[in-house]
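Quick notes on the structure that follows.
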Amino acid sequence: MTNLSVRETSRVLRAAVAAAAVVCTVVACSPVSNNEGETSGGDQSAGQDSFGTPADPAAVKQGGKLVVALSAEPDALDPTLSRSLYSRYVFQAMCQKLYDVNEQAQVVPQLATALPTTSGDGRTVTIPLRPGVRFADGTAFDSAAVKATLQRHLTNARSARKSELGPIDGVDTPDAQTVVLRLKQPFAPLLGALADRAGMIMSAQALRTKGDDFASAPVCVGPFKFAKRVPQNSIEVVRDPNYYDASKVHLDAISWRILTDASIRAANLRSGDAQVADSVSTQDVASLRQDAAVSVLQSQSLGYQGLTINVGNVDGVGTAAKPINRPLAQNAKVRQAFEHAIDRKALVDAVFNGLHAAACSPISPASTFSSPEAQTCPAHDPAKAKQLLAEAGVQTPYAVTMLASNTPDTLRLAQALQSMVKDGGFDLKINPVEYSSLLDEQDRGNFELLQLGWSGRIDPDANITNFVGTGASQNVAGYSNPQLDTLLTQARQAGDVEERRKLYGQAVTLLQQDDALIYLYRQRNLTAVSKQIQGLQVYPDGVIRAAFAGFGK
7 MTNLSVRETS
17 RVLRAAVAAA
27 AVVCTVVACS
37 PVSNNEGETS
47 GGDQSAGQDS
57 FGTPADPAAV
67 KQGGKLVVAL
77 SAEPDALDPT
87 LSRSLYSRYV
97 FQAMCQKLYD
107 VNEQAQVVPQ
117 LATALPTTSG
127 DGRTVTIPLR
137 PGVRFADGTA
147 FDSAAVKATL
157 QRHLTNARSA
167 RKSELGPIDG
177 VDTPDAQTVV
187 LRLKQPFAPL
197 LGALADRAGM
207 IMSAQALRTK
217 GDDFASAPVC
227 VGPFKFAKRV
237 PQNSIEVVRD
247 PNYYDASKVH
257 LDAISWRILT
267 DASIRAANLR
277 SGDAQVADSV
287 STQDVASLRQ
297 DAAVSVLQSQ
307 SLGYQGLTIN
317 VGNVDGVGTA
327 AKPINRPLAQ
337 NAKVRQAFEH
347 AIDRKALVDA
357 VFNGLHAAAC
367 SPISPASTFS
377 SPEAQTCPAH
387 DPAKAKQLLA
397 EAGVQTPYAV
407 TMLASNTPDT
417 LRLAQALQSM
427 VKDGGFDLKI
437 NPVEYSSLLD
447 EQDRGNFELL
457 QLGWSGRIDP
467 DANITNFVGT
477 GASQNVAGYS
487 NPQLDTLLTQ
497 ARQAGDVEER
507 RKLYGQAVTL
517 LQQDDALIYL
527 YRQRNLTAVS
537 KQIQGLQVYP
547 DGVIRAAFAG
557 FGK
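Note that the working numbering has the sequence shown beginning at 7, numbered continuously upward.
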C-alpha cells in the first residue's frame with residue numbers, strides 16, 4: 007500500500023472514529039467530521055476508498071431481482087442473537103435501526119427523527135421516533151415496540167446485544183413517539199450501539215408470536231421484507247409495500263446466494279448470474295479491476311482478523327469461566343510464544359498480496375483513540391517463542407489445533423500460519439469447518455484456537471469489550487481480567503477523548519500480556535459490482551447497502 011493510500015484510508019477511519027469520539031458523555035452530540043479528499047464513486051485504483059454512489063432515480067429501472075453472491079451463510083436473522091457480518095447485509099435491507107452510519111461514518115437518524123438528547127448527568131437519554139411507520143406485518147412502529155425490542159436484547163439468555171447496551175436500567179414510553187432510556191451511569195458507546203443491531207427494532211406482535219423462533223420469519227421495518235430462506239443456499243427478501251419511504255425502492259427483490267468459493271463468486275458475477283460479489287479475494291482483485299463491466303468497491307475495515315484462544319469457555323459463551331487443562335489455556339507464556347512466532351507483515355504480503363494491513367490491536371492506528379501504547383506490536387521472534395515455551399515447561403513441537411472456516415482465502419491464511427509457527431516451536435493443525443458451524447462451535451467452547459474476525463464499529467468499545475470483558479456476550483475465549491474490566495468500564499463512562507485514549511492504551515497493554523486474543527491484520531472491504539447496477543454502496547463498516555440500488559436503464 008502506498009503512502010497516498012494510507013492517507014486516504016486514514017481519512018475514512020478518522021471520520022469513523024470521530025463519530026464515536028464526539029458522542030460526549032452518552033449521546034449528547036453527533037459527529038460532524040469532514041471527509042475531505044476522499045473519493046466515493048466509481049472504481050478506484052488499489053488503496054483508494056470507493057464506496058459507490060447513490061442511485062440516480064432518473065437512470066434506474068423499476069423492478070428486477072438483485073442477486074448477491076455471498077461468501078458465507080448468515081447466522082440467525084434475529085437482531086438479538088445475530089453475530090455474523092453476513093446477517094448484517096440482509097438486515098440492512100429489511101431491519102432498519104434507530105440510527106444508521108452514513109458514508110462519512112457519522113451517526114444519523116433512521117427510525118428516530120433526531121439524535122438523542124441527554125440529561126446533564128448523562129443518565130437519561132430521550133429518543134424521538136418517526137410517526138406513521140409500519141412494520142412489514144402492518145402493525146405500528148412505536149415506542150412500545152422499541153421498548154419490547156430493547157428489553158429482549160437485555161434479558162434474552164442468548165442475547166449478543168446485552169453488553170453492547172451497557173448500563174440501561176429501564177425503558178420508559180411517555181408517548182407513542184418518544185422513548186426514554188434510564189442509565190445506571192453515563193455510557194459513551196450507546197449511540198454507536200443503537201446504530202447497529204442493538205438499534206434494530208422488531209415487531210412486538212412477531213416477538214409475541216414467534217418468541218425465540220423469530221429468525222424463522224423476522225418482521226422489522228425496512229424497504230424489503232423477509233420472503234424465504236433455504237439453509238446453506240439462499241435468502242430472499244421482497245419489496246415491502248408498508249415501507250414509509252417506498253419511492254426510494256427500485257428493486258422487486260434481493261436474493262443472497264451462498265457461494266463460499268471466491269473464484270465461483272467472481273465467475274457468477276462475470277456470467278451475469280449475480281450482480282454483486284462480496285468479500286472479493288485479494289487473488290481476484292487485479293483481474294476484476296481490468297473487467298470493463300465490473301466495479302470494485304473498497305474501504306479500509308474498522309475491524310480486525312485475529313486468533314482467539316479458549317482460556318475458559320467450558321460450558322458455552324456467557325457462562326462462568328472454568329479452568330482448561332491445556333498449557334495454551336493455562337499459561338500466558340505459551341500464548342505469547344505463539345504470537346512471537348507470527349510474522350504479520352509477511353503473512354498479509356504473501357497471502358493477501360499486500361492489500362490488507364498488519365494489526366496488533368483492536369484499535370486502528372488512524373483512530374482518534376489510538377496511541378503509541380495501543381499500537382505496540384510484539385516482534386516476530388521465533389527464538390523468543392521457543393524460550394517462552396521452555397520457560398513454560400512445554401515440550402516442542404507443541405501441537406495446537408485451530409478451528410477455521412473452510413473458505414479458500416481462510417485456508418491459505420491457515421496454511422501460511424501453519425508453516426510460519428513451526429520455527430517458533432509449534433505444530434499447528436487445521437480443522438476447517440463451514441462458517442455457521444464455526445460460529446456454533448465457538449459459542450459452545452469446542453475449540454482450542456479459533457481464526458475469526460470482526461467487521462468493526464465506529465466506537466472502539468464495540469470492538470473490544472464485547473469480546474474480552476468478563477462474561478460479555480461474545481467473549482468466546484472465556485477470558486476474564488478484572489483489571490481490564492475496570493479500564494474498559496472507565497472508558498465507557500469517560501466523556502473526554504484524551505482520557506479514553508489513555509485507558510484504551512492501557513487496555514491493549516493488558517490484552518497483549520494475556521494474549522487470549524491475538525490480532526493479526528485489518529482487511530479491506532472488497533466488493534465487486536456489475537456496472538448494470540446503480541446505487542449499491544459499501545461504507546467503512548463493511549455492510550453492503552443494496553436496499554436502494556437498481557438496474558440501470
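Ideal placement from N, C-alpha and C gives every residue a C-beta, glycine not left out.
Alpha-carbon to alpha-carbon, residue j and residue i
i: E79; j: S125; result: 42 Å
i: V186; j: A75; result: 40 Å
i: A356; j: L121; result: 45 Å
i: R203; j: K103; result: 7 Å
i: Q381; j: C366; result: 7 Å
i: A338; j: S301; result: 45 Å
i: Q289; j: F358; result: 7 Å
i: G556; j: P229; result: 13 Å
i: S253; j: L117; result: 17 Å
i: S39; j: D465; result: Here S39 scores only 26 on pLDDT, less than 50, and its place in the model should not be relied on; the value that follows carries that caveat. Cα to Cα, the separation comes out at about 15 Å.
i: V107; j: C101; result: 14 Å
i: Q68; j: A553; result: 13 Å
i: V514; j: L490; result: 9 Å
i: G360; j: S425; result: 19 Å
i: I539; j: S261; result: 14 Å
i: A478; j: Q304; result: 31 Å
i: A327; j: F453; result: 14 Å
Simplified DSSP assignment, three categories, for residue i
i: P198; result: Inspection of the sequence shows that residue 198 is occupied by Gly rather than by Pro. Residue state, collapsed to three classes: helix.
i: T495; result: helix
i: K234; result: strand
i: Y249; result: coil
i: F358; result: helix
i: V514; result: helix
i: A212; result: helix
i: I315; result: strand
i: E242; result: strand
i: R295; result: helix
i: I550; result: strand
i: Q401; result: coil
i: S261; result: strand
Best match in the options for proximity to residue i [C-alpha to C-alpha]
i: T130; options: A221, S301, Q191 and T533; result: Q191
i: S402; options: L265, A61, A363 and D433; result: Residue 402 is actually Thr in this sequence, not Ser. The candidate whose alpha carbon is nearest that of T402 is D433.
i: V482; options: P247, T492, V400 and T471; result: T471
i: Y310; options: A343, S301, L265 and I369; result: I369
i: L455; options: H256, N437, G462 and A468; result: N437
i: R350; options: G431, L532 and A422; result: A422
i: S443; options: G511, T161, S411 and R506; result: S411
i: I264; options: I241, R245 and R295; result: I241
i: A534; options: L171, V286, R245 and V225; result: V286
i: M206; options: P224, L189 and R214; result: P224
i: V549; options: K559, G558, Q538 and R530; result: R530
i: V177; options: L257, L160 and R164; result: L160
Residue i and residue j closer than 9 Å at C-beta
i: Q543; j: G138; result: no
i: L458; j: V439; result: no
i: N487; j: L516; result: yes
i: A468; j: A199; result: yes
i: A268; j: S536; result: no
i: D62; j: G541; result: yes
i: R331; j: T325; result: A quick correction: the sequence has Asn, not Arg, at residue 331. No, these two residues do not count as a Cβ contact at 9 Å.
Beta-ladder partner(s) of residue i, from DSSP
i: F344; result: F344 is not bridged to any residue.
i: P438; result: A410
i: L533; result: Looking at the sequence provided, one finds Thr at residue 533 rather than Leu. Per DSSP, L303.
i: T130; result: R188
i: I539; result: F557
i: S90; result: Looking at the DSSP assignment, S90 forms no beta bridge with any residue, so it has no partner.
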